[in-house]
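Sequential numbering from 555 applies to the sequence shown in this note's numbering.
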Amino acid sequence: MFKFFFQLGVAMMILLFSTFVSWYEGSAIIDHPWEWEYSTPFTQLNGEIQNGNQISQLDYFVYAAKFHPTFPLVMLISFLYLLILVSFQVLNTKHFIYFLSFVAASLFFLSYLVSNSSTIGGNVFFYFSMLTGIVCIATTICMKFLGSKRETTA
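As structure tokens, then:
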């Protein structure tokens, strides 16, 4: 149980740190008005942007993911790790396989969303989500057909 809580704590600290750094890096969008049209999907839900103070905090993450993808990628990795770690601990094998399949489908959807991106961050997120989705599917296949040492209690 110590290993679980240690991993949980480390992953949460990495997630918090990478979230803060991504938010900081993304705040640079305020100084780049030519990007407002292309990198502010959340703010544009409320209408046209007149000045940088109107930009949603969520759009900072979009901008950071597009142009400074390192910490947003670390953020995604730590979030997925936390999600899978907790679900592996809580769910039985059958439900974990379903959950992992859902995670894979979500990653494939993410890769579809960023597949036409012309930015370095879009390409990084495309390949990462596609590869991670494939790994999740391969893991579910191995767990389903090769068996698992965990007991299934439905």
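Just so you know, even glycine gets a beta-carbon here, dropped at the ideal spot from N, CA and C. What you are looking at is a predicted structure, and each value in this text was computed from that prediction instead of being measured.
Interface flag, residue i vs chain B, CB-CB below 7 Å
i	result
N646	Although the question refers to chain B, the structure presented lacks it and comprises just one protein chain.
Under the three-state DSSP convention, the category residue i falls into
i	result
T594	coil
L700	coil
C690	helix
I695	helix
T624	helix
Q604	coil
N670	coil
S632	helix
I609	coil
Among the options, the one whose alpha carbon lies nearest that of residue i
i	options	result
L664	T647, L685, V644	L685
L627	I603, G676, Q608	G676
V668	A692, F680, I674	F680
F683	E591, Y666, L636	Checking the displayed sequence, the identity of residue 683 turns out to be Ser instead of Phe. Looking at the Cα atoms, Y666 is the closest of the given residues.
Y592	T647, V657, Y614	Y614
M697	L654, I674, W577	L654
F621	Q643, A582, L634	A582
D585	N607, I568, N600, P595	N607
M629	T693, G687, S572, V564	S572
W590	N605, W577, S576	N605
Y652	I691, T624, F633	I691
Endpoints, alpha helix (DSSP H) assigned at residue i
i	result
M567	556-580
S660	647-667
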